[in-house]
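All you need for this note's numbering is the position in the sequence shown, starting with 1, plus 645. Positions of the beta carbon are idealized from the N, C-alpha and C atoms, including for glycine. Here the structure is laid out as structure tokens; the discussion comes afterwards.
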Amino acid sequence: MIWFLLIAALIIAIPLVIERNRAEMEDADRGSALGQFAELPDGVTHYAWTGPAQGPVVVCIHGLTTPSIVWRAVARGLASMGYRTLTYDLYGRGYSDRPSGPQDRQFFIKQLQDLLEDQDVTGSFTLLGYSMGGSIATCFAAAFPERVERLILLAPAGMGLAPNKLVDFMAKTPLVGDWLMLALFPPTFRRGIRAERDIPVQVRHIHDHQAEQLDYKQHVPGVLASRRGILADVLRDEHRAIRTHDIPVLALWGQDDQVIPASAIGSLAEWNRAAEHEVIKGAGHGLPYTHAPQIIAAIKAHIDTADKATD
Numbered sequence: 646m647i648w649f650l651l652i653a654a655l656i657i658a659i660p661l662v663i664e665r666n667r668a669e670m671e672d673a674d675r676g677s678a679l680g681q682f683a684e685l686p687d688g689v690t691h692y693a694w695t696g697p698a699q700g701p702v703v704v705c706i707h708g709l710t711t712p713s714i715v716w717r718a719v720a721r722g723l724a725s726m727g728y729r730t731l732t733y734d735l736y737g738r739g740y741s742d743r744p745s746g747p748q749d750r751q752f753f754i755k756q757l758q759d760l761l762e763d764q765d766v767t768g769s770f771t772l773l774g775y776s777m778g779g780s781i782a783t784c785f786a787a788a789f790p791e792r793v794e795r796l797i798l799l800a801p802a803g804m805g806l807a808p809n810k811l812v813d814f815m816a817k818t819p820l821v822g823d824w825l826m827l828a829l830f831p832p833t834f835r836r837g838i839r840a841e842r843d844i845p846v847q848v849r850h851i852h853d854h855q856a857e858q859l860d861y862k863q864h865v866p867g868v869l870a871s872r873r874g875i876l877a878d879v880l881r882d883e884h885r886a887i888r889t890h891d892i893p894v895l896a897l898w899g900q901d902d903q904v905i906p907a908s909a910i911g912s913l914a915e916w917n918r919a920a921e922h923e924v925i926k927g928a929g930h931g932l933p934y935t936h937a938p939q940i941i942a943a944i945k946a947h948i949d950t951a952d953k954a955t956d
């Protein structure tokens, strides 16, 4: 019996010890990062500007697990269209700080507000959100419609996620769910990365950057905090508010997305009948780094059509 208890205690302790021994994100780790760093009230935020200094601003918000490098190819495409693009790492990802605690809409909106103030972005801009970043962008646009000229959503969350009983259990169950997340998420995430390594991408070393997130403390708990926080919200009222404020919306979806269910398209179409939709053939959930040219083409067509309508 004693041996059984000791073995059980060891099994329980292993994920906790691994998390405790993960590295802190420090200045030495940030030395190789492209871009700059802002000392915001809630922590250091890594950001980068791409494109002509006087171009209209596009602010890009990445998703749950892949930091702002996910936008590299899209940012280059937007720059070629004359846009000045601001990308940044959400707290808990990339080179930004990793504060503990809830990761709800207020948490992420405050980071964006603080960064916009720090960078003196005072006017309106185009807001581009991918996956969880789509939820953040939607919440921001609904709360501050006067700041958002156009909302572009790539495989956005906020309309439900593909069913996963284990992930749902972890999100709903304190303590046990936290332990399961520490034990199961890292190997599962690594397997997913390995399965994608043969897929052609437009962002070099994207899979290495994804895997590196697991090396740092508070990343895995942060993913769970987001599942319990902003990703638990169904954004029906927010999308209806965006429609009321006549903010143009373009939603781009991956034809083979296994994360965002196909029913999300119908939900958004019901909540905002003015939203435009395009399904990108052959794209999965990683479309910003696997189908960047198609994304840029769709955005350009959307903007050109809008410009002709106002002539």
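Buried or exposed: where does residue 811 fall if 16 or more other Cβ atoms within 10 Å of its Cβ makes it buried?
exposed
Within its chain, find whatever has a CB closer than 6 Å to the CB of residue 939; leave out the 5 residues flanking it on each side and keep chain order.
925
Between the region 900–917 and the region 793–812, can you find at least three pairs of beta-carbon atoms closer than 8 Å?
yes
Kindly indicate which residue of 712, 709, 749 and 695 has the alpha-carbon position closest to the one of residue 727.
695
The beta strand (DSSP E) spanning residue 694 covers which residue range?
688–695
Taking Cβ to Cβ, would you say residue 934 is nearer than 7 Å to residue 668?
no
Near residue 903, which residues of its chain fall below 8 Å by C-beta distance, leaving aside the five closest residues on each side in sequence?
807, 929 and 930
Is DSSP giving residue 731 helix, strand or coil here?
strand
Looking at C-alpha atoms only, which residue of 717, 780 and 771 is the closest neighbour of residue 791?
771
With DSSP run on the structure shown, which of helix, strand or coil describes residue 795?
strand
Distance CB(residue 748)-CB(residue 874) smaller than 7 Å
yes
Please work out which residues of its chain come closer than 7 Å, Cβ to Cβ, to residue 837, disregarding the five sequence neighbours upstream and downstream, and give them in chain order.
none
Using only the alpha-carbon positions, how far apart do residue 723 and residue 878 sit?
30 Å
Would the region 757–769 count as touching the region 682–690 if we require 3 or more Cβ pairs under 8 Å?
yes
For residue 628, I'd like the list of residues in its chain whose CB is within less than 8 Å of its CB, leaving aside the five on either flank, ordered along the chain.
Residue numbering for the chain in the displayed model covers 646 to 956; residue 628 lies beyond these limits and cannot be assessed.
Have a look at residue 753 and residue 714 and give me their C-alpha separation to the nearest angstrom.
18 Å
Endpoints, the beta strand (DSSP E) within which residue 681 is located:
681–685
Write down every uninterrupted run of the alpha helix (DSSP H) in the region 717–797 whose length is 4 residues or greater and which is fully enclosed by it, in chain order.
717–725, 750–763 and 777–788
Residue 942 versus residue 932: straight-line alpha-carbon distance, rounded:
13 Å
My parser needs the beta strand (DSSP E) runs of 3 or more residues fully inside the region 852–920; what are they?
894–899
Flag this pair as yes or no: are the beta carbons of residue 816 and residue 887 separated by less than 7 Å?
no
How many angstroms separate the CA atom of residue 952 from the CA atom of residue 825?
50 Å
Could you check what DSSP says for residue 657 in three-state terms: helix, strand or coil?
helix
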